[in-house]
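All residue numbers for the sequence shown refer to UniProt numbering, where the first residue is 1 and numbers rise by one.
A virtual CB, placed ideally from N, CA and C, is assigned to each residue, including glycine.
Values in this document were obtained by computation on a predicted structure and should not be read as measured data.
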Amino acid sequence: MKRNFLFFCLMVVTMIACQQKTEVKTPDFETEKATVDSFINQFNASFSTKDVAFLTSSLTEDAVYLGTDPSENMSKQQITELWTEMFAQTDTFPGIHFISDRLIKLAPDGNSATVVDQHMMPMYTPKIPWRNVYHLTKINGAWKIYFGSSAFIPKNEDIPKLNAAMEQDSF
């Protein structure tokens, strides 16, 4: 019995010792943030150049994009169609004026990130700021947008004015 117990212990130690140890790599957060920042800069610049191919390639296959209207819950195909239509209707894309520093929050494993941009688009809403939020994932070493959302972000003190304006409009 004692012999079987020692044999069993030896087997357990051997099995544990023979397992491959996975090396945990700590991501270089500053490098990853810079890469994400560059990617979003290129994504934003693609609107001015009307580069639908780059915009589309920046999305994961199962990406979701929420627009400013509650009905705008779009797949990759739907947002691509919207961009194509939007660019065909205008000679230039409206100017965007960023109103705050970009926020980039990396996940601890370095494989996903959340990005927040706040800006004004005077052509559409001269008095109401916008906020774009993106959730990115790293796929085969490249950053892709998995989720995006655009929203109007009025100042809190302007909400009563918006409510009053909406009361004038009947649904």
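Open item on the list: Please state whether the Cβ-Cβ distance between residue 152 and residue 63 is less than 8 Å.
Closed with: Counting from one through the sequence shown, the residue named residue 152 turns up at place 152. Counting from one through the sequence shown, the residue named residue 63 turns up at place 63. Taking 8 Å as the Cβ cut-off, residue 152 and residue 63 do not qualify as a contacting pair.
Open item on the list: Between residue 107 and the ligand FMN, is there a pair consisting of the residue's CB and a ligand heavy atom that are separated by less than 7 Å?
Closed with: Among the components modelled here there is no ligand, and therefore nothing to report on the ligand FMN.
Open item on the list: Would residue 103 and residue 113 qualify as a contact pair, given that the criterion is a beta-carbon distance under 8 Å?
Closed with: On the sequence shown, residue 103 is found 103 positions in, with the first residue counted as 1. On the sequence shown, residue 113 is found 113 positions in, with the first residue counted as 1. It is not a contact, given that the beta carbons lie outside the stated cut-off.
Open item on the list: Please give me, in chain order, every unbroken run of the beta strand (DSSP E) with length at least 3 that falls completely inside the segment 39-118.
Closed with: Correct list: 59-66, 73-75 and 103-106.
TODO: Leaving aside the five residues before and after residue 80 along the sequence, list all residues of the same chain whose C-beta is less than 6 Å from its C-beta, in chain order.
DONE: Working through the sequence shown from its first residue, we reach residue 80 at position 80. Only 56 meet the Cβ criterion.
Open item on the list: Is the separation between the beta-carbon of residue 110 and that of residue 54 shorter than 8 Å?
Closed with: Along the sequence shown, one-based indexing puts residue 110 at 110. Along the sequence shown, one-based indexing puts residue 54 at 54. Their beta carbons are not under 8 Å apart, which means residue 110 does not touch residue 54 by this criterion.
Task: Three CB pairs or more closer than 8 Å across the segment 32-39 and the segment 117-131 - done: Contact between the segment 32-39 and the segment 117-131 is absent, because fewer than three Cβ pairs lie under 8 Å.
Open item on the list: Taking the alpha-carbon of residue 97 as reference, which of 76, 161, 132 and 70 has the nearest alpha-carbon?
Closed with: Counted from its first residue, the sequence shown places residue 97 at position 97. Nearest C-alpha to residue 97 among 76, 161, 132 and 70: 132.
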